[in-house]
Every structure is written in C-alpha cells, then in structure tokens.
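Some notes on the structure that comes next.
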Amino acid sequence: MQSQNKNSFRVAVIGGGPAGLMAAQTLAQHAAANSTLQVDVYDAMPSVGRKFLLAGRGGMNITHAEPYETFVTRYGKRAAELRPMLDAFGPQHVRDWVRGLGIETFVGTSGRVFPTEMKAAPLLRAWLHRLRELGVQFHQRHRWTGWRADGALLLDTPDGELAVQADATILALGGASWARLGSDGAWVPVLEGQGVEVAPLVAANCGFDVDWSAHFSAKHAGEPLTTVAITSTGADGLPFRKQGQFVVTASGVEGSLIYALSAALRDQIAADGSAVIYLDLLPDLSAERVLDELSRPRGSRSMASHLQSRLGIKGVKAGLLRECASAEQYADPARLAEVLKMLPVRLRAPRPVDEAISTGGGVRFEAMQGMMLAAKPGVFVAGEMVDWEAPTGGYLLTACLASGQEAGEDVLRWLARPPQ
C-alpha cells in the first residue's frame, strides 16, 4: 500500500466477470467526478465476461421479480451477510442498471427477468463501452499469480511477468466451475498462503450421479422428465417438496429442478454418503386418484399398457418406474400407486465441480472486514469467490453485482481514510 499523502490512486481489479466489472464501474464513476483515480481491470482470458456470455446463451436471466423478502431467503445460510449488499443493489437496481445501458427488460412467466433480446452479448458490449468511456483500462491475458515481497501484484502476460503497484486491489476471480472460461480456483492456495481462511470450493447448481442400469442409461439418457415433483430432506433436517423438470443423463440426473435442490442434496451426501430423493411422477393427481385408476380392470392388458392408458405413464417415466420399483411393487396396484407418488432414487455423488453452474465455498465472511481481507489490508474480494451460494434464476448474477458494488465502495472508503 502506498502512502495516502498523494493526489491520485490506482486500483487494480483482478477478474473481468460481473463482480469485477461492477466494482470497476463503481470506482470509475467516482473517478470521473474526481479525476484522482485510475482503474485497471486485469483478466487471464483473451476477453472479459466469458462465463457471463455462455450463461446467457439460453436466455440471459439477470435477476428475479419475486417479492424482495422472499428473494433474500434464496441465499440460505449467508442471507444475513448478503442482505445489506442486496438492499443497496437488489433486483430492481439490476433492472434499472440494465435500462441505463439502453436495454429494456421483461418478467417471464416464472418470475425470472430477462433483457428483451434475451441475449448477454448486447448487454456486455454496452457495459464495456460505458466502462471505457469512464476511463477504465482493460488488460487481457494477464493472469494474476500473487504478490511480490514489496506488495506489488504479479501477473503472467504474453510479454513475461509484470509487477503492478496498486493502492488497492479487488479480487473477483470467481469460483472453480467452467475452468476453461477462467474460473479455475487457482487463487485458493495463494490466499491460504497469506493466512486467509477459505471454505473448500464445492459444486453448486450441479447434477448428480446415479447407478443406473446399462439398459436404462442407454435407452433414456438425455430424456427430460417434465411435470414431476421431488420430496427430500433439507439442510435443516426438514422435508421439502418442489415441482419442476429435470433430465436423465447417462450417469445420473441434472436440470433446473435438481439444481434448485442441489445444495441440500450435496450436503446430505457429504454427511451420509448418499441422498435419496422421492419422485412424484404424477404431481397433479392425488394418491387416491392414482389408486382409483390403477384399480380399474385391465383385462388382458399388461401393467405397462394399463399405466399408459389410465395415467399416461410412458417413455422415461415408465422406464424410471421399472428401474427403481421392485417387481413386487410393480405387480400390486396399491403398492404401485404409492411408488408412483414416492419413487425413491438414490443419488451417489455430485458431478465434478468444474461441470457445475456455480460453486459454494470461498473466502469466509469471518475472514473479511467488510469486503477487505483482514489478513491483507487494501485487498478486497467480490463475487463468487466469497463463501455464499444461490440457486439459478438470477440470484447468482444479482449477488455478484451487489458484492462488486460493495467492494468498490469499500475501496473508496479505504482510500479516503486519514493518513496512517
């Protein structure tokens, strides 16, 4: 850290994802008004925002329009720590910010909020144009590797190692998912070596392995399960139920409904070695109605034909039933009715962290003073490298943006403090 007795400052932002870019924006807006601050963004990849762009390929979900008090609960164990940041930059702030970049938004039927064009690229282009107008300097193919003995940042570049002196640094390096896009978790041992407490990075919003038979896997891999519900046990030990859809894969299950429950399922597997989910294959029908339909005479028809004609059970649902129900259950209408509403599927392990949409774990809030590392004064963290997690649905992006703004504001307060 350089002396505070000077008229200008330089802040290095390491990482060009949403959290880093929002931190740079917060700083640059101040710099534009005061002309005393230079903001440099360093990123290891050839261009910034790569994970942001890939996440937006299926429709750029920027935030969620559900009531705010419900929205905040989606951050689980870290909701209290994130609440002040979200109060300052929550779902409506995200929509206003996007509109300020010249892009309108709309609310989908599920409550998710999207840009009108449904794409990430126009939003990122407009954002980068704004940042450059504000004077932010971008440095691609600059991979941060740690600090020199005198406190200078060390970066690997195409021209060799570069040492950068900065008055403050914001680390926004992401978690450990989708390493090919830049978030590889390589920062963990670097920070731990500086005495920073880091919770292990684990898969979040991930799929799970199931020991399918070879026949079932070959026949049904890639098929979606629509209109189903899952009952399982939450992290609090209480049962929960959620309806939606997911996909059977060659090795297990993945998709939106699985992702929404993945944190609790992952933690249960870590504690018990496996987790059992119970599928309701007919969530819109009562157990009594299912039993009534199965109890009707089927004559010479097979049970499979009876299930299809009376209840519409066919394809991957029929395959799952044969895969997970016993022969005795399948032959008894009363027991079959029960298992159609509560079909057990045992999850063996979460998929590897690099396949996950996001990660849990990271720099613990207890190791921070605000967003600054207690063990490294003048170094701040933001985004997914902090120890919080959230489901998909706009919650991840909103918290990354909110924490980026908070880190930027913390840097400004740090730089404005009286000389030491």
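In terms of the UniProt record's numbering, the sequence shown has 147 at position 147, counting the first letter as 1, and numbering is strictly consecutive. Heads up, the beta-carbon is just placed ideally off N, CA and C, and yes, glycines get one too.
For Lys376, same chain residues with a beta-carbon under 6 Å away, outside a window of 5 residues either side, are Gln194 in chain order. Within the region 61 to 99, the runs of alpha helix (DSSP H) at least 4 residues long that lie entirely inside it are, in chain order, 68 to 73, 79 to 88. Taking each of Asp267, Val363, Arg413 in turn and checking the Cα distance to Glu81, the smallest one comes out for Val363. Using a Cβ-Cβ distance cut-off of 8 Å, the region 380 to 397 and the region 11 to 20 are in contact, since at least three pairs of beta carbons, one from each stretch, lie closer than that value. Sequence-distant Cβ neighbours of Val188 in its own chain, meaning closer than 6 Å and more than five residues away, are Val198.
According to DSSP, His139 shares a beta bridge with Tyr42. One thing to note: Gly394 has its Cβ no nearer than 9 Å to the Cβ of His93. Per DSSP, reduced to three states, the secondary structure at Ser232 is strand. If you draw a straight line from the Cα of Gln329 to the Cα of Asn205, it is about 33 Å long. Val188: not part of any beta strand (DSSP E); member of the alpha helix (DSSP H) spanning 187 to 192, first to last residue. Of the other Cβ atoms in all chains shown, 16 or more fall within 10 Å of the Cβ of Tyr259; this residue is therefore buried. Ranked by Cα distance from Gly15, the options Tyr75, Ala149, Ser183 are led by Ser183. If you draw a straight line from the Cα of Leu128 to the Cα of Pro46, it is about 14 Å long. Taken atom to atom, the span from the alpha-carbon of Ala229 to that of Leu282 is near 8 Å. With a contact defined as Cβ atoms closer than 8 Å, Val411 and Phe380 qualify at about 6 Å. In the same chain as Ala367, and ignoring 5 residues on each side of it, the C-beta atoms closer than 8 Å to its own belong to Val196, Glu197, Val198, Leu373, Ala374, Ala375, in chain order. In this chain, the beta strand (DSSP E) harbouring Leu154 covers 153 to 157. Note on geometry: alpha-carbon atoms of Leu415 and Ala179 lie some 33 Å from one another. Under the 10 Å beta carbon count, Glu355 is surrounded by fewer than 16 other beta carbons and is classified as exposed. Under the Cβ criterion (8 Å, minimum of three pairs), the region 158 to 171 does not count as touching the region 337 to 352. For Leu238, the three-state secondary structure derived from DSSP is coil.
Collapsing the DSSP output to three states places Ile357 in coil. Trp178 carries a coil assignment under DSSP once its states are collapsed to helix, strand and coil. In this structure, Asp43 lies away from Val11, with their beta-carbon atoms at least 9 Å apart. Looking at Ser251, His220, Gly360, the one whose alpha-carbon comes closest to that of Pro391 is Gly360. Pairing Asp284 with Val290, the inter-Cα distance amounts to about 10 Å. When only Cα atoms are considered, Ile103 and Ala270 end up about 43 Å apart. Taken through DSSP and simplified to helix, strand or coil, Thr109 comes out as coil. Taking C-beta atoms under 8 Å as the contact rule, Gly90 and Tyr68 qualify, at a distance of about 6 Å. Proximity to Arg112 across Leu336, Arg141, Lys314, Phe71 peaks at Phe71, based on C-alpha coordinates.
With contacts defined by Cβ atoms closer than 9 Å, Ser232 and Ala203 do not form a contacting pair.
Here DSSP, grouped into helix, strand and coil, assigns Asp150 to coil.
When C-alpha distances from Ala275 are compared across Gln243, Gly234, Gly312, the shortest belongs to Gly234. Between the beta-carbon of Gly319 and that of Phe216 there is about 6 Å, and that keeps the pair under the 8 Å contact cut. In the three-state DSSP reduction, Asp267 falls in the helix class (H, G or I). The secondary-structure analysis by DSSP pairs Trp212 with nothing; it has no beta-bridge partner.
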